[in-house]
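**Student:** The structure under discussion is supplied below as structure tokens; questions concerning it will follow.
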Amino acid sequence: MKEFIKIHPNDNVAVALVPLSANSTLNVDEASVTLTEDIPRGHKFALKAIGDGSEIIKYGCPIGTAKEDISCGSWVHTHNIRTGLGDLLTYTYTKTGSELAPTAPRTFKGYRRPDGKVGIRNEIWIIPTVGCVNNVATAIERKAQTLIHGNIDGIFAFPHPYGCSQMGDDQEHTRTILADLINHPNAGAVLVLGLGCENSNIDVLKNYIGEYDPQRVQFLVCQECEDEIADALAIIEQLAEKAAAYEREDIDCSELIIGMKCGGSDGLSGITANPVVGAFSDLLISKGGSTILTEVPEMFGAETLLMNRCADETLFNKTVDLINDFKQYFQSHNQTIYENPSPGNKKGGISTLEDKSLGCTQKSGSAPVKDVLAYGEPVKTKGLNLLSAPGNDLVASTACAASGAHIVLFTTGRGTPFACPVPTMKISSNSALNAKKGNWIDFNCGRLVEGASLEELAGQLFEEVIAVASGKPVKSELAGYHDMAIFKQGVTL
Numbered sequence: 022m023k024e025f026i027k028i029h030p031n032d033n034v035a036v037a038l039v040p041l042s043a044n045s046t047l048n049v050d051e052a053s054v055t056l057t058e059d060i061p062r063g064h065k066f067a068l069k070a071i072g073d074g075s076e077i078i079k080y081g082c083p084i085g086t087a088k089e090d091i092s093c094g095s096w097v098h099t100h101n102i103r104t105g106l107g108d109l110l111t112y113t114y115t116k117t118g119s120e121l122a123p124t125a126p127r128t129f130k131g132y133r134r135p136d137g138k139v140g141i142r143n144e145i146w147i148i149p150t151v152g153c154v155n156n157v158a159t160a161i162e163r164k165a166q167t168l169i170h171g172n173i174d175g176i177f178a179f180p181h182p183y184g185c186s187q188m189g190d191d192q193e194h195t196r197t198i199l200a201d202l203i204n205h206p207n208a209g210a211v212l213v214l215g216l217g218c219e220n221s222n223i224d225v226l227k228n229y230i231g232e233y234d235p236q237r238v239q240f241l242v243c244q245e246c247e248d249e250i251a252d253a254l255a256i257i258e259q260l261a262e263k264a265a266a267y268e269r270e271d272i273d274c275s276e277l278i279i280g281m282k283c284g285g286s287d288g289l290s291g292i293t294a295n296p297v298v299g300a301f302s303d304l305l306i307s308k309g310g311s312t313i314l315t316e317v318p319e320m321f322g323a324e325t326l327l328m329n330r331c332a333d334e335t336l337f338n339k340t341v342d343l344i345n346d347f348k349q350y351f352q353s354h355n356q357t358i359y360e361n362p363s364p365g366n367k368k369g370g371i372s373t374l375e376d377k378s379l380g381c382t383q384k385s386g387s388a389p390v391k392d393v394l395a396y397g398e399p400v401k402t403k404g405l406n407l408l409s410a411p412g413n414d415l416v417a418s419t420a421c422a423a424s425g426a427h428i429v430l431f432t433t434g435r436g437t438p439f440a441c442p443v444p445t446m447k448i449s450s451n452s453a454l455n456a457k458k459g460n461w462i463d464f465n466c467g468r469l470v471e472g473a474s475l476e477e478l479a480g481q482l483f484e485e486v487i488a489v490a491s492g493k494p495v496k497s498e499l500a501g502y503h504d505m506a507i508f509k510q511g512v513t514l
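Right, here's the structure in full:
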């Protein structure tokens with residue numbers, strides 16, 4: 022196993038792949054570098070003297086500037102590097118990259134719905150319109166487990182605290198996300214559970230849902246029932262008869278939509294797990310499939326790499342708006358744009374937002390950007406899509422699901438157990454996490470620095486995604502975890 026990596030020829034820092042001791046001498050590009058202090062795994066060290074105010078280069082791009090003179094072999098981290106990010110910027114479109122060459126078709130075993138959509142799970146979902154009926158929804162979920170039969174994969178409720186006392190965009194976001202989930206093809210049947218007096222009541226929500234199949238989607242208003250749980254179970258029993266009859270069939274993987282998210286990142290995330298997911302994304306897109314990249318604040322500092330991969334200037338302008346609108350959101354709340362890396366990120370070796378963003382965007386691979394989506398907007402163009410959503414793990418992953426993702430690939434260097442409404446596959450950046458948290462991690466990309474190749478791991482990840490799409494449960498499903506979270510920005514009445 023290699024002890025360190027210099028990611029790009031132009032970098033003036035390298036990253037420790039194992040803990041390195043002070044006074045160790047390393048051979049980097051045929052030059053000797055003697056470490057002046059211990060370097061933790063995932064952290065950076067200087068490959069040459071870097072003067073106060075000079076740029077720190079990683080991934081071939083600036084990740085900040087030196088706050089002081091940094092000697093060759095020194096640890097480079099938050100104590101001696103500051104962000105170079107500013108506020109709103111003006112961008113110029115310089116198109117890079119090209120279309121990916123098509124590769125051989127591939128199928129998975131999925132569920133074809135009557136409206137032509139494809140699901141990879143055949144679940145019954147209970148969707149509350151408002152947080153007031155959350156406990157009712159979870160009680161129905163518990164009691165409905167006896168109704169699982171045939172090809173039903175599970176019955177799950179998705180409680181949330183919204184649906185009333187909201188204004189403006191917050192209210193629209195709640196209605197849009199709930200409608201997206203009601204229409205999601207991973208649900209073979211849906212019970213929409215309302216209270217009756219909420220802002221986002223069932224009659225209002227139907228305008229967002231659009232046309233629906235009454236054999237698949239049913240509604241219940243709790244205030245209109247004597248016993249809402251008994252009435253709900255009677256409805257689910259009817260829905261289950263229809264859902265149980267669906268059968269898996271061969272479906273071309275060009276119909277797969279995969280969300281891509283990272284969280285609890287460490288210094289290896291941008292070196293192992295995220296590049297493997299990026300190579301996977303390219304492979305799926307080469308077969309006609311689609312991927313979604315989100316968490317916009319973790320594009321700051323790397324946004325021009327995505328902008329210049331836009332298929333045309335119209336998409337470039339939409340990406341500029343995507344970035345600047347999110348910066349204005351920060352500014353409107355008097356928050357610092359670049360104060361993003363969490364304590365866990367920093368402990369793992371990520372020093373600045375640019376450092377985090379350049380690693381994060383590795384998940385996008387090399388494919389052209391084919392569309393830019395508003396929060397809650399469904400995927401309608403095959404290929405790589407950028408989606409407006411924050412970096413928060415639960416909110417961003419739910420946003421991917423709402424936009425149509427069948428699966429979310431979640432890379433992590435520190436681990437997390439959560440799930441979103443669709444199968445959430447955890448991908449470790451290092452083998453130590455995989456060994457420690459085998460009950461959380463589905464795929465280990467730490468092998469990339471232990472001898473496995475990028476192409477090999479991307480191919481293995483593709484096969485694992487095909488298996489999950491064909492019914493293999495991920496670790497969070499085995500644990501019974503199903504979460505959702507909606508983006509809240511404004512006033513609560």
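For the sequence shown, counting from 1, position 278 maps to 299 in our numbering; every step adds exactly one. Ideal Cβ placement from N, Cα and C applies to all residues, glycine included.
1) With a 10 Å radius around its C-beta and 16 neighbouring C-beta atoms as the bar for buried, classify R196 as buried or exposed.
2) For the putative contact between K496 and N460, defined by C-beta atoms under 8 Å, what is the C-beta separation to the nearest angstrom?
3) Determine whether the beta carbon atoms of T432 and S302 lie at a separation below 8 Å.
4) Under the assumption that E485 contacts F464 (Cβ atoms under 8 Å), give the Cβ distance between them as a whole number of angstroms.
5) What residue range is occupied by the uninterrupted beta strand (DSSP E) comprising Q239?
6) So is S221 buried or exposed if we call it buried at 16+ other beta carbons inside 10 Å?
7) Can you give me the Cβ contacts of D191 inside the same chain, cut-off strictly under 7 Å, excluding the 5 residues immediately before and after it?
8) Could you check whether the region 248 to 256 touches the region 142 to 162, counting it as contact only if at least three pairs of C-beta atoms, one from each stretch, sit closer than 8 Å?
9) Could you say which of V54, V49, V34, N33 lies nearest to A43 if we only look at CA atoms?
10) Closest to Y502 by CA distance: which of E268, M446, K282 is it?
11) Could you check the C-alpha separation between I371 and K263 for me, to the nearest Å?
12) State the DSSP-derived secondary structure class of I257, mapped to helix, strand or coil.
13) Could you give the uninterrupted runs of the beta strand (DSSP E) lying entirely in the region 37 to 69, keeping only those of 3 residues or more?
14) With respect to the beta strand (DSSP E) encompassing A125, which residues constitute its N-terminal and C-terminal limits?
15) Report the option in I358, L47, Q236, S353 whose CA atom is closest to the CA atom of F66.
16) List in chain order: all unbroken beta strand (DSSP E) runs of 3+ residues lying wholly within the region 251 to 323.
17) Any idea which residues DSSP pairs R133 with across the strands?
18) Quick one: complete beta strand (DSSP E) runs, 3+ long, within the region 325 to 374?
19) If you draw a straight line from the alpha carbon of A265 to that of I358, how long is it in whole angstroms?
20) Roughly how far, in whole angstroms, is the beta-carbon of V298 from the beta-carbon of I448, given that I think they are within contact range, below 8 Å?
21) When you compare only the Cα positions, how much space is there between Q166 and F179?
22) Nearest-angstrom Cα distance between A395 and D333?
23) So for K457, helix, strand or coil by DSSP?
24) Please check the pair I77 and T86, which I expect to be a contact at CB under 8 Å, by giving their CB distance rounded to whole angstroms.
25) Kindly indicate which residue of C82, L199, L336, V97 has the alpha-carbon position closest to the one of G152.
26) For S449, which three-state DSSP category applies?
27) Could you check if K69 is buried or exposed, using at least 16 other CB atoms within 10 Å of its CB as the buried criterion?
28) Can you list, in chain order, the residues of its chain with a C-beta nearer than 8 Å to that of G436? Leave out the 5 residues immediately preceding and following it.
29) Grab me the residues of T419's own chain with a C-beta within less than 8 Å of its C-beta, minus the 5 sequence neighbours each way, in chain order.
30) Indicate whether H17 and H29 have their beta-carbon atoms separated by less than 8 Å.
31) Measure the Cβ-Cβ separation of P126 and D342 and say whether it is below 8 Å.
32) So what's E247 in DSSP terms, helix, strand or just coil?
33) If we require 3 or more residues per run, which beta strand (DSSP E) segments fall completely within the region 156 to 195?
34) Quick check on M116: does DSSP put it in helix, strand or coil?
35) Buried or exposed: where does K88 fall if 16 or more other Cβ atoms within 10 Å of its Cβ makes it buried?
36) Smallest Cα separation from V35: which of V49, T104, R103?
**Tutor:** According to the structure data:
1) Within the sequence shown, the letter at position 175 stands for residue 196. Buried.
2) Numbered from 1 along the sequence shown, position 475 holds the residue referred to as residue 496. Numbered from 1 along the sequence shown, position 439 holds the residue referred to as residue 460. The pair is a contact, with the Cβ atoms about 6 Å apart (cut-off 8 Å).
3) For this step, residue 432 is matched to residue 411 along the sequence shown. For this step, residue 302 is matched to residue 281 along the sequence shown. Going by C-beta atoms, T432 is not nearer than 8 Å to S302.
4) To locate residue 485, count along the sequence shown from 1; it is residue 464. To locate residue 464, count along the sequence shown from 1; it is residue 443. Right, the Cβ-Cβ distance comes to about 6 Å (below 8 Å), so this counts as a contact.
5) Reading the sequence shown from its first residue, position 218 is the one you call residue 239. Per DSSP, Q239 belongs to the beta strand (DSSP E) from 238 to 242.
6) The sequence position of residue 221 within the sequence shown is 200, counting from 1. Flag for S221 reads buried.
7) Position 170 of the sequence shown, counted from the first residue, corresponds to residue 191. Same-chain partners within the cutoff: K509, Q510, G511.
8) yes
9) Position 22 of the sequence shown, counted from the first residue, corresponds to residue 43. The option with the nearest alpha carbon to A43 is V54.
10) Working through the sequence shown from its first residue, we reach residue 502 at position 481. It is M446.
11) Working through the sequence shown from its first residue, we reach residue 371 at position 350. Working through the sequence shown from its first residue, we reach residue 263 at position 242. I371 and K263 have their C-alpha atoms roughly 50 Å apart.
12) Residue mapping note: residue 257 aligns to position 236 of the sequence shown, counting from 1. It is helical.
13) 46 to 49, 52 to 55, 65 to 67
14) Counting from 1 along the sequence shown, the entry for residue 125 is found at position 104. Here A125 belongs to no beta strand (DSSP E), and DSSP marks it neither H nor E.
15) Reading the sequence shown from its first residue, position 45 is the one you call residue 66. The candidate whose alpha carbon is nearest that of F66 is L47.
16) Whole beta strand (DSSP E) segments, 3+ residues: 270 to 273, 278 to 283, 311 to 314.
17) Within the sequence shown, numbered from 1, the residue matching residue 133 stands at position 112. Looking at the DSSP assignment, R133 forms a beta bridge with V139.
18) none
19) Position 244 of the sequence shown, counting from 1, holds the residue named residue 265. Position 337 of the sequence shown, counting from 1, holds the residue named residue 358. Rounded to the nearest angstrom, the two C-alpha atoms are 49 Å apart.
20) By 1-based counting over the sequence shown, the position of residue 298 is 277. By 1-based counting over the sequence shown, the position of residue 448 is 427. About 7 Å; that satisfies the 8 Å criterion.
21) Looking up residue 166 in the sequence shown gives position 145. Looking up residue 179 in the sequence shown gives position 158. Roughly 15 Å between the two C-alpha positions.
22) Counted from its first residue, the sequence shown places residue 395 at position 374. Counted from its first residue, the sequence shown places residue 333 at position 312. In a straight line, the C-alpha of A395 is about 18 Å away from that of D333.
23) Mapped onto the sequence shown, residue 457 falls at position 436. Helix.
24) As a working note, residue 77 is residue 56 in the sequence shown. As a working note, residue 86 is residue 65 in the sequence shown. Correct: roughly 7 Å between the Cβ atoms.
25) The count along the sequence shown starts at 1 and reaches residue 152 at position 131. Closest option to G152, Cα to Cα, is L199.
26) Looking up residue 449 in the sequence shown gives position 428. In the structure shown, S449 sits in a strand (DSSP, three-state: E or B).
27) For the purposes of this step, residue 69 is taken as the residue at position 48 of the sequence shown. By the neighbour-count rule (16 or more Cβ atoms within 10 Å), K69 is not buried but exposed.
28) The residue given as residue 436 occupies position 415 in the sequence shown. Contacts found: G285, K447, S449, L454, K457, K458, W461, I462.
29) Working through the sequence shown from its first residue, we reach residue 419 at position 398. Contacts found: I198, C441, P442, D504, M505, A506, I507.
30) Residue 17 lies beyond the range of the chain shown here (22 to 514); nothing can be said about it.
31) As a first step, residue 126 must be located in the sequence shown, where it is residue number 105. As a first step, residue 342 must be located in the sequence shown, where it is residue number 321. Contact: no.
32) On the sequence shown, position 226 is the one that residue 247 refers to. In this structure, E247 counts as coil in the three-state DSSP scheme.
33) Segments of the beta strand (DSSP E) lying fully in the region 156 to 195: 175 to 178.
34) Numbered from its first residue, the sequence shown carries residue 116 at position 95. This sequence places Lys at residue 116; Met is not what is there. Coil at K116, not helix or strand.
35) The residue labelled residue 88 in the question sits at position 67 within the sequence shown. That one is exposed.
36) Sequence index remark: in the sequence shown, residue 35 carries index 14 (1-based). First, the amino acid is wrong: residue 35 is Ala here, not Val. Checked all of V49, T104, R103; the closest Cα to A35 is V49.
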